[in-house]
Structures are given as C-alpha cells and as structure tokens.
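There are 2 protein chains.
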Amino acid sequence: MTGDSQSTRGNSELPLYVGADVGGTGIKIGLVGSLGRTLAKQSIPTRQERGPQAAMAELAAVARNIVADAGFGWDDVAAIGLATPGPMDIPNGMLLQPHNLPTWWHFPIRDELAQVSQKRVVFANDANAAAFGEFWIGSGRQYPSLVMFTLGTGLGGGIIVHDMSIDGAHSHGGECGHIIIDYHETARLCGCGHRGHLEAYVSAVALVDRTEEALRTGRVSSLRSVLDAGEELTPLIVAEHALQGDSLADEIIMETARYLGIGVVSIMHTIDPSLVVLGGAMTFGGAGSPGGKRFLQRVKEEVSLRALPALAEKTKIEFASLGSDAGYLGAAGVARMQLLREKG
Amino acid sequence: MTGDSQSTRGNSELPLYVGADVGGTGIKIGLVGSLGRTLAKQSIPTRQERGPQAAMAELAAVARNIVADAGFGWDDVAAIGLATPGPMDIPNGMLLQPHNLPTWWHFPIRDELAQVSQKRVVFANDANAAAFGEFWIGSGRQYPSLVMFTLGTGLGGGIIVHDMSIDGAHSHGGECGHIIIDYHETARLCGCGHRGHLEAYVSAVALVDRTEEALRTGRVSSLRSVLDAGEELTPLIVAEHALQGDSLADEIIMETARYLGIGVVSIMHTIDPSLVVLGGAMTFGGAGSPGGKRFLQRVKEEVSLRALPALAEKTKIEFASLGSDAGYLGAAGVARMQLLREKG
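Structure representation (structure tokens):
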C-alpha cells in the first residue's frame, strides 16, 4: 500500500471521485476531491494476462480501501472515471484492440467495473483523460481550451474545448500523432502502417530510428560508444549526449522539436486552442531543465515560422505539470464533468 | 426585392432569427424560423467602399422589411446572427483585417448592427456559420458532429461538435485550409505566405496554378486552346475539359481530390467527426453530377488509403446541401443556439 491520506478535509472536497488510469504495466488509482485535490492514491500492477475481470475486481477493492483509509465512506464517491488505452468504443464502454492489453480485447470494461464497484463509471481514452487533467488542475487550469501532445513510445493527444473532451464520433478524437505532415510516398512510416504521420517523426521510437539512420550515414557522434558497448539507444541517452555537447544528438532532438512544431501548427489552425501542452515521458527534463527549455524553445520557433501571425503570437505552449498523475486526475475530472452536465 | 414569404406559419416557427452573411460582393439576409426554415430572404450588394456603418444600416432596414413583408413583427425576431469573413475577434464583435473588406478593418461591426437594429447580435465567422448551417438543417442534420471544407478561391473550414462551433481561442478555429500537408521547403506556397498548407494545393487559385505549371512542362491538353484564345483558366473550364476527355484536366482535378483527402485524414484523426462535408463553389457539380461524383470518389479513395481503418470505414464524406444559403442559415442557427444555451 502506498495510499497517503491527508488530514485536511472539508465539505468542499465532496462529493469525491475515483480516477483510474489503466496502462499496460500498471493501474493508477486516485481518490480525488471535487476541486481536483488528490486525497489518496495507489498503483497496482496491471498483470494483463490475468484478464480484465480480475483486474477490475482488484481495482474496485483497492479503491474501496483507499477511500476507507482516507476516512471517507464509499457513499462519498459520486462516480469512478476509468481511462484506458484505445482503440475503444467510449459510448458503449468497450475496449476494442488496445496493443498493450492483448487478452482484454473487446471487453465491456466500463460495465464490469460498474458492477464490481457498484458505482457509476465514466469511460475515457487515457490520452484524452490526461489532457483533461491538465485542463482541470494542471498547466491548463487558467485556460478555456487546450490541446495536449503526450510524447512517449508513441505520440498521443487530447483536445479539450470549454470543459468538453473531443472524444470523436468513433472514439478516435485527439489522435494528434496521426496528423499527416508529409504526404509524399517517401515520408516516414508510422507504427499504424501509414506514412507521413507526425508520430513517425516525433515518438521515442522515431527519435531512436532517426538517430540510428544518421549514425549509419557515418556521422561522427559520441553515441557510437553506446552501440559499441552493446547497449540500445533511448531518447534519454540521446538527450544525455546532447547535453554533453554531442552535435548529432542535439541535432536529432532539435529536429524532433521542429517536427512537433509542424504538427502543433496544424492543430492551431484547426482547433485554435488557448494553450498547447507538451507532456509524457519524452519531454527532455521538462520546464525546469536546460534540455527541456531548449526543446520547448525550438518547438516555439518552428511555430512562429509557420503559424498565422496572430496565432503564433498569442497561443501559449507549455509543458504539462501533473506528470504521470494526469491520467487518473483527468479520469476523475471527466467523471465529475459528466455528472455536472447531467445535473444541468 | 427578391424576398419570398411563405404562407404556412405556425407557432413552431417562433421565435424567428435573422441570419446575415456578409461577403466581399454581397450580403445575404434571411428570416429563419426556429426549425431552420427560411421564411424570406434577400441579397444586397456589399458596396464595401461605403463603409460598414452604411452597410449595417441597410442590412437592418432590409431585415425589418422582409420581416414585415412576411407578416411578422420585429418583436418576433429573437436575435440576429451576423457572419463575416475573418480574421475577426468574435468575443469582442470586431472585424480585424478581412481581405475583401479593406475599408472595414478594425470595425466593431457586431455592436454597430445591434445598435441600428435594436436586436441582440451573435457574431460568427462565415465559414464556421456555413458549417453550422449544414449541421443544423443541411447534410449534417442527422449527425452529432461534422467538419466542413469550403472549396472556393481559398479553402475555408468549420468544425461543429455537439451543437458547438469550434471558433477557437483567437477566432481562428476551423481554418482547415491551413493544415500543413507537406513540411518541406519545396512545398507549395499558400496565400497566407507559408508553405505546405492544404489551401496551397486545393483552392481554385492552386488548381489553376497547378494546371498552368503542367502546361508549361509541355503536356498535351485541350486546355491550350483556352490560353491561345487569350482567356484565363478557371476551375470550371478545367472541369469542362476533364468531362470532355482531356487527360491533363482530369488529372489536375483528381490530384485536387487527392490533396483534399490528405487534409481530411488529419481532421479525422484529430476531430474524428461523424461527417465531413464538402461545400463551396468548387465542388465540380456536386452530388448530382458525374464530375462531382468522381471528385468525391477520389477523396474517399485517398482517405481509405491513409486513415486509421475504423475511421476510413465509418466516417461519412458528403457534399453540402444548402449551397450559398448555408451562411445566413448557419448565422441564424448560431444565434439561436447561443440564446438557447444562455436560457440553460
């Protein structure tokens, strides 16, 4: 148990929401107050091979425990927000074929959790939930709209406009990694099988691929020592070499920022959000680090070169602030917003 | 006067809305019932050189006339929806620098019309209003969301999700013509001064440019006779030659459809609308014509090659159905929706 309850509790926290963020490795569960404060949280391993029913049973049991440990009753919980990876069918509460949960395909996960928890469950895409979390109480809390790019193994996204998550008519809203930035047949191949998608340039996989391609052309780089030692390249290693002055590593990261900026411009010209948020594991240290600052600066530079002038000037671009808590917080927030909407 | 009133009137039409669509050449004014029926309409020349105050005064006078001619009182009108070209500042009701209204720049047009009409005025971008019109009572009336591409001299767009027009944080929402489809420095130059935007491939201007470029390379084509006769190429002429069997003309139009399909895919992967609507003057005859059908088929083909399979299969792509009435109808619809929202 890593649950940490807090002593300050007022009626302002009520009703409470449980947010759960299901990933291929772990499930994060948080007890969240009405103002977005985390009152308790715990992570459990997904162990996807046990199947979704066992996992949802444990999720519900852990949620009940952290609520009790925090000094609340289960009746204080108004709803559970459940975020999972896509593809999914949000209106019907179904997982479709999430890559990292192969034994959970086509499972009615929302209703299963509702049954074992005896709570209303609101279902959300994990990247959209993270965007909603940043919108509710993170970097976007003072803005009426935002688009979040989540940089990791792939490139996720979420679009929030005036309290509404753009989930899409087919539960594919906000898949910003699949914007086309190069329509030519020579464009890079995306993990989804199509060419020229932003993810094929910006994801961790793409960054490593581009680095290896550059090394194969004979470029001088301290990164060769990594390969010579039999290790695999990662974005973190490339970033370390960039900070230590390796020009190829730096170039690869700046190129990544440049490509991301190109995708950001297409989003600015269609959604025109108040804020673009960059989150996920691959943000090169984020706001507080030299590497993160340089990355963000390069994204902004590309945007200023390519966006309509009014938008280049006015649209904010910032790092996310909730880290890996964004998912469960956003899931709780989406559940809360859904209940508020229904109350009218 | 081209106003045409209709005899069937019930309480179901009330309250009424006036929709006005201001263009560089003309202003369309419609009296629209609560269910979206046009009860009367009239067009007046914009005569932009007279300035916005004179134009708004005439707009208000004509609106009063068509309301009276249709047998209603001015009090039956709940609000006026006013659509204009951008760039604009929607929250503040200001025109900024619309290209085709050069003497109207930085004018508070919404409040001017409110004053001379003594009505609440709801302000909208013209392309977004057209999209809302199609959403309310046109091709999209049975769908919960749509994105409309308006093919004309430029390439406009509008995004409607669950009754909400995505106007954007800086009144630039839905500018789908400025999606980047090619990030390279060799990409085509857009009218906005940047490279690789969808409009630089798909607009009427781009179609003519691409045709002329192809002719300069020495391609055989019946289109040469047009230039030899001292006439200028237009999309309509290119379309006519395509229908008469000219292979270059056909290739240019099919390429236009292909480029449009590429932009549609980026929209499908971010907004994921139920429906994509193609409207505007350059739709090659639209749904009822062989040219239009072939164009639409080629758009769909490109989408099926490039979109995530679930979206390629499920997302509808259709022509708009309201023609040039979409703007005033949508403006009226946006005004109605705004009032309904405020009533709660």
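So the protein lines, in turn, are chains E and P.
Each number in my numbering comes from the position in the first sequence (counting from 1) with 738 added on.
Each number in my numbering comes from the position in the second sequence (counting from 1) with 738 added on.
We put the beta carbon where it would ideally sit given N, CA and C, even for glycine.
These numbers were taken from a predicted model, which means no experiment stands behind them.
Q. Using CA coordinates, which residue listed in P:I847, P:Y997 and P:M902 is at the minimum distance from I919 of chain P?
A. Within the second sequence, residue 919 of chain P is the residue found at index 181, counting from 1. Out of P:I847, P:Y997 and P:M902, P:Y997 has the C-alpha closest to the C-alpha of I919 of chain P.
Q: Run the CB neighbour count on K1081 of chain E, radius 10 Å, all protein chains shown included, and call it buried at 16 or more, exposed below.
A: Position 343 of the first sequence, counting from 1, holds the residue named residue 1081 of chain E. Exposed, because fewer than 16 other Cβ atoms sit within 10 Å of the Cβ of K1081 of chain E.
Q) Can you list the residues of chain E that G912 of chain P reaches, using a CB-CB cut of under 7 Å? A) Residue mapping note: residue 912 of chain P aligns to position 174 of the second sequence, counting from 1. Result: T1008.
Q. What in chain P is Cβ-close to H916 of chain E, meaning under 7 Å?
A. Counting from 1 along the first sequence, the entry for residue 916 of chain E is found at position 178. Result: H1007 and L1046.
Q: Measure the alpha-carbon distance for A1048 of chain P versus P1011 of chain P and round it to whole angstroms.
A: As a first step, residue 1048 of chain P is located in the second sequence; it is residue number 310 there, counting from the start. As a first step, residue 1011 of chain P is located in the second sequence; it is residue number 273 there, counting from the start. Their Cα atoms are separated by approximately 13 Å.
Q. Quick one: what's got a C-beta closer than 7 Å to V1072 of chain E's C-beta in the same chain, skipping five residues either side?
A. By 1-based counting over the first sequence, the position of residue 1072 of chain E is 334. Excluding residues up to 5 positions away in sequence, G819, V860, A862, A867, F870 and S903 lie with their Cβ nearer than 7 Å to the Cβ of V1072 of chain E in the same chain.
Q: Starting from I1055 of chain P, follow its DSSP beta bridges and name the residues at the other end.
A: In the second sequence, residue 1055 of chain P corresponds to position 317, counting from 1. Answer is P:V1014, bridged to I1055 of chain P.
(Q) Looking at the strands, I want to know which residues DSSP matches up with G771 of chain P. (A) Here residue 771 of chain P refers to the residue found at position 33 when the second sequence is read from its first residue. Its beta-bridge partners do not exist; DSSP assigns none.
Q. From T776 of chain E to V756 of chain E, what distance separates their C-alpha atoms?
A. Against the first sequence, residue 776 of chain E aligns to sequence position 38. Against the first sequence, residue 756 of chain E aligns to sequence position 18. For T776 of chain E and V756 of chain E, the distance between alpha carbons rounds to 10 Å.
Q: Out of E:S1027, E:E872 and E:A1064, state which residue places its alpha-carbon closest to the alpha-carbon of S883 of chain E.
A: In the first sequence, residue 883 of chain E corresponds to position 145, counting from 1. Of the listed residues, the one whose Cα sits closest to S883 of chain E is E:E872.
(Q) For S941 of chain P, would you say it is in contact with chain E, using Cβ-to-Cβ distances shorter than 8 Å as the test? (A) Numbered from 1 along the second sequence, position 203 holds the residue referred to as residue 941 of chain P. Not one chain E Cβ lies under 8 Å of S941 of chain P.
Q) the stretch 753 to 786 of chain E: which residues have C-beta closer than 9 Å to a C-beta of chain P, in chain order? A) Close to chain P, meaning a Cβ-Cβ distance shorter than 9 Å, is no residue of the stretch 753 to 786 of chain E at all.
Q: Let me know if A1019 of chain E comes out buried or exposed under the rule of 16 or more other beta-carbons within 10 Å of its beta-carbon.
A: Indexing the first sequence from 1 puts residue 1019 of chain E at position 281. Exposed is the call here.
**Q.** H844 of chain P versus L833 of chain P - alpha carbon distance
**A.** Counted from its first residue, the second sequence places residue 844 of chain P at position 106. Counted from its first residue, the second sequence places residue 833 of chain P at position 95. One C-alpha to the other measures close to 5 Å.
Q. Using 8 Å as the Cβ pair cut-off and three pairs as the minimum, do the stretch 950 to 969 of chain E and the stretch 874 to 888 of chain E touch?
A. Per the Cβ contact rule, the stretch 950 to 969 of chain E is not in contact with the stretch 874 to 888 of chain E (fewer than 3 Cβ pairs under 8 Å).
Q. Which of helix, strand or coil does DSSP assign to M1020 of chain P?
A. Along the second sequence, read from residue 1 onward, the residue named residue 1020 of chain P stands at position 282. In the structure shown, M1020 of chain P sits in coil (DSSP, three-state: anything other than H, G, I, E or B).
Q) Along chain E, in chain order, which residues have C-beta atoms closer than 7 Å to that of A825 of chain P? A) Residue mapping note: residue 825 of chain P aligns to position 87 of the second sequence, counting from 1. Residue identity check: residue 825 of chain P is Pro in the sequence provided, not Ala. Result: A1048.
**Q.** D759 of chain E - DSSP class collapsed to helix/strand/coil
**A.** Position 21 of the first sequence, counted from the start, is the residue given in the question as residue 759 of chain E. The answer is strand: DSSP assigns D759 of chain E an E or B state.
Q: Output, in chain order, the set of chain P residues within a Cβ distance shorter than 7 Å of I904 of chain E.
A: Here the question's residue 904 of chain E lines up with position 166 in the first sequence. The answer, in chain order, is V899 and I1009.
**Q.** Neighbourhood of W874 of chain P by C-beta distance below 6 Å, restricted to the same chain and skipping five residues each side
**A.** As a first step, residue 874 of chain P must be located in the second sequence, where it is residue number 136. Once the five neighbours on either side are set aside, the close Cβ partners of W874 of chain P are G774 and G1071.
Q. Taking the C-alpha atoms as reference points, what is the distance between G1030 of chain P and N830 of chain P?
A. For this step, residue 1030 of chain P is matched to residue 292 along the second sequence. For this step, residue 830 of chain P is matched to residue 92 along the second sequence. For G1030 of chain P and N830 of chain P, the distance between alpha carbons rounds to 39 Å.
Q | Interface partners of P882 of chain E on chain P, CB under 9 Å | A | For the purposes of this step, residue 882 of chain E is identified with residue 144 of the first sequence, where counting begins at 1. A907, listed in chain order.
Q: Taking C-beta pairs closer than 8 Å, name the residues in chain P that I1000 of chain E reaches, listed in chain order.
A: As a working mapping, residue 1000 of chain E is identified with position 262 in the first sequence. Per Cβ cutoff of 8 Å: I918 and Y921.
Q) What did DSSP end up calling A817 of chain P once you bin it into helix, strand or coil? A) In the second sequence, the residue the question calls residue 817 of chain P occupies position 79. Three-state DSSP puts A817 of chain P in a strand.
Q: Could you list which residues in chain E have their beta carbon closer than 7 Å to that of H932 of chain P, in chain order?
A: As a first step, residue 932 of chain P must be located in the second sequence, where it is residue number 194. Here the neighbours are R1044.
Q. In chain P, which residues lie less than 7 Å from S1012 of chain E when you measure between Cβ atoms?
A. Against the first sequence, residue 1012 of chain E aligns to sequence position 274. Result: A907.
Q. Helix, strand or coil for S883 of chain E per DSSP?
A. The residue given as residue 883 of chain E occupies position 145 in the first sequence. Here S883 of chain E sits in strand by DSSP.
Q) So does the stretch 808 to 826 of chain P actually touch the stretch 751 to 765 of chain P, counting three or more Cβ pairs closer than 8 Å? A) Counting C-beta pairs with one atom in each stretch, the stretch 808 to 826 of chain P and the stretch 751 to 765 of chain P have three or more that are closer than 8 Å, which means they touch.
Q | Beta-carbon proximity check, A952 of chain E vs L986 of chain E, cutoff 8 Å | A | Along the first sequence, read from residue 1 onward, the residue named residue 952 of chain E stands at position 214. Along the first sequence, read from residue 1 onward, the residue named residue 986 of chain E stands at position 248. Pairing A952 of chain E with L986 of chain E gives a Cβ-Cβ distance under 8 Å.
Q. Where does the unbroken alpha helix (DSSP H) through L998 of chain E begin, and where does it stop?
A. Numbered from 1 along the first sequence, position 260 holds the residue referred to as residue 998 of chain E. That run of the alpha helix (DSSP H) goes S985 to M1006.
Q) Under a CB-based cut-off of 8 Å, is G819 of chain P close to chain E? A) As a first step, residue 819 of chain P must be located in the second sequence, where it is residue number 81. Not closer than 8 Å to any Cβ of chain E, the Cβ of G819 of chain P fails to qualify, so no.
Q: Compile a chain-ordered list of the residues in the stretch 864 to 883 of chain P whose CB is closer than 9 Å to at least one CB of chain E.
A: Y881, P882 and S883
Q: Note down, in chain order, every chain P residue with its Cβ under 8 Å from the Cβ of V1015 of chain E.
A: For the purposes of this step, residue 1015 of chain E is taken as residue 277 along the first sequence, with counting starting at 1. From the beta-carbon of V1015 of chain E, no residue of chain P is found nearer than 8 Å; the closest lies around 13 Å away.
Q. Does DSSP put P1047 of chain E in a helix, a strand or coil?
A. Walking along the first sequence from the start, residue 1047 of chain E turns up at place 309. Helix at P1047 of chain E.
Q.
Comparing C-alpha positions only, which one of P:V800, P:R785, P:I897 and P:P823 sits nearest to I767 of chain P?
A. Position 29 of the second sequence holds residue 767 of chain P. The shortest C-alpha separation from I767 of chain P is found at P:V800.
**Q.** Cut-off 8 Å between Cβ atoms - residues of its own chain near G741 of chain E, not counting five sequence neighbours on either side
**A.** The residue labelled residue 741 of chain E in the question sits at position 3 within the first sequence. Confidence at G741 of chain E is low in this model, with a pLDDT of 41, below 50, so the placement of that residue should be treated as unreliable; the coordinate-derived value is given next. Within the same chain, Cβ atoms closer than 8 Å to the Cβ of G741 of chain E are found at A778, K779, Q780, N803, I804, D807 and A808, the five residues on either side in sequence being excluded.
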